[in-house]
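Visitor: Residues 1 to 38 in full-length UniProt numbering are what the sequence shown lists, from first letter to last. By construction, the Cβ of each residue, glycine as well, lies at the ideal position given by its N, Cα and C atoms. Being a predicted model, the structure only gives us computed values, none of them experimental. The structure's right below; bear with me while I get my questions together.
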Amino acid sequence: TSAGQIEEALAPVIDIGWAETRPVVDFAEVLSRVTEDG
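Here is the structure:
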């Protein structure tokens with residue numbers, strides 16, 4: 001799973017409300033970092 005795919009999947013949710021989805025975005029960032037390190 002690439003960061004681009006994650007952003008694409010989250011795009012509709014982010015459109016609803018950035019503040020509400022911030023925890024999800026943070027999780028996606030952590031997940032991408034873990035994937036890169038792995």
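Suppose you measure from the CA of Ser2 to the CA of Glu29; what does that come to, to the nearest Å?
Guide: On the sequence shown, position 2 is the one that residue 2 refers to. On the sequence shown, position 29 is the one that residue 29 refers to. When rounded, the distance between both Cα atoms is 11 Å.
Visitor: Return helix, strand or coil for Ser2, following the three-state DSSP convention.
Guide: In the sequence shown, the residue the question calls residue 2 occupies position 2. Of the three classes helix, strand and coil, the one that applies to Ser2 here is coil, per DSSP.
Visitor: Near Ile6, which residues of its chain fall below 6 Å by C-beta distance, leaving aside the five closest residues on each side in sequence?
Guide: Residue 6 sits at position 6 when you count from the first residue of the sequence shown. Cβ within range, chain order: Ala28.
Visitor: In whole angstroms, what is the alpha-carbon distance linking Val34 and Leu10?
Guide: As a first step, residue 34 is located in the sequence shown; it is residue number 34 there, counting from the start. As a first step, residue 10 is located in the sequence shown; it is residue number 10 there, counting from the start. Their Cα atoms are separated by approximately 18 Å.
Visitor: Measure the alpha-carbon distance for Leu31 versus Val25 and round it to whole angstroms.
Guide: Here residue 31 refers to the residue found at position 31 when the sequence shown is read from its first residue. Here residue 25 refers to the residue found at position 25 when the sequence shown is read from its first residue. Rounded to whole angstroms, Leu31 to Val25 spans 10 Å at the Cα level.
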